[in-house]
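**Q**
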Amino acid sequence: LRSIPGVGPIVLAALLSEGYDAIRRRDAATLRALSGVVPVTRRSGKQYVVAMRHACPHRLRTAVYHWARVAVLHDFHSRNRYSALRKRGHSNARALRSIGSRLIGVACAMLETGELFDKSRMPQPEAA
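In the UniProt record's numbering, the protein residues as written are 1 to 128.
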């Protein structure tokens, strides 16, 4: 997990301590819900409200937030995705939760295959 952009010793410790069961099962959906990056939908009849998930461990949510924040600073693809989300009108926190959700998916896929993060497998940016 340390090979993924944005994962440092503090973030890794929080991920392993708070999300151990989901990481052990390589369950990205559960880890996303535990970390609070997926929204909650409340429905009643024809009305529905989509809101941020608050029922999650604060330490894990904070760790994923900072993981995404640092990844945006150091990873080209995360930075481009963040910029696109901000242009669509997402707040800073909402855009970072989306980046965190993507990074959790990448982390679980890496754990399933047993490979390290390889930046060369990502599509390369076009030359300007």
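Even for Gly, the Cβ is constructed at its ideal location relative to N, Cα and C. Every value quoted in this text rests on a predicted model; they were computed, and no experiment measured them.
Using DSSP bridges, identify the partner residues of Arg43.
**A** Along the sequence shown, one-based indexing puts residue 43 at 43. DSSP lists Tyr48 as partners of Arg43.
**Q** Keeping to the same chain, check which residues put their C-beta closer than 6 Å to that of Gly36; ignore five residues upstream and five downstream.
**A** As a first step, residue 36 must be located in the sequence shown, where it is residue number 36. These residues qualify, in order along the chain: Arg53, Cys56, Arg61.
**Q** Spatial neighbours of Ala128 within its chain, please: CB distance less than 7 Å, with the 5 preceding and 5 following residues excluded, ordered by chain position.
**A** Mapped onto the sequence shown, residue 128 falls at position 128. Its pLDDT being 43, under 50, Ala128 is placed unreliably in this model, and the coordinates cannot settle the point.
**Q** Grab the span of the alpha helix (DSSP H) containing Pro9 for me, first residue to last.
**A** On the sequence shown, residue 9 is found 9 positions in, with the first residue counted as 1. Note, Pro9: alpha helix (DSSP H), 9-18.
**Q** Please identify the residue among Ser91, Leu73, Ala63 whose C-alpha is closest to the C-alpha of Leu15.
**A** Residue 15 sits at position 15 when you count from the first residue of the sequence shown. Minimum Cα distance to Leu15 is reached at Ala63.
**Q** So what's Ala128 in DSSP terms, helix, strand or just coil?
**A** As a first step, residue 128 is located in the sequence shown; it is residue number 128 there, counting from the start. In this prediction, Ala128 scores a pLDDT of 43, lower than 50, which makes its location untrustworthy; the coordinate-derived value is nonetheless stated afterwards. Of the three classes helix, strand and coil, the one that applies to Ala128 here is coil, per DSSP.
**Q** Between which two residues does the alpha helix (DSSP H) holding Cys108 run?
**A** Here residue 108 is taken as the residue at index 108 of the sequence shown, counted from 1. That run of the alpha helix (DSSP H) goes 92-113.
**Q** Could you pull the start and end residues of the alpha helix (DSSP H) that His66 belongs to?
**A** Locating residue 66 in the sequence shown gives position 66, counting from the first residue. Counting along the chain, His66 sits inside the alpha helix (DSSP H) bounded by residues 58-74.
**Q** Tell me, please, whether the region 12-28 touches the region 72-91 by the rule of three or more beta-carbon pairs shorter than 8 Å.
**A** With the cut-off at 8 Å, the region 12-28 and the region 72-91 do not touch.
**Q** Between which two residues does the alpha helix (DSSP H) carrying Leu34 extend?
**A** One-based indexing of the sequence shown puts residue 34 at position 34. That run of the alpha helix (DSSP H) goes 28-35.
**Q** Going by CA-CA distance only, name the one from Ala109, Glu112, Arg69, Arg2 that's closest to Ser98.
**A** The residue you call residue 98 lines up with position 98 of the sequence shown. Minimum Cα distance to Ser98 is reached at Arg69.
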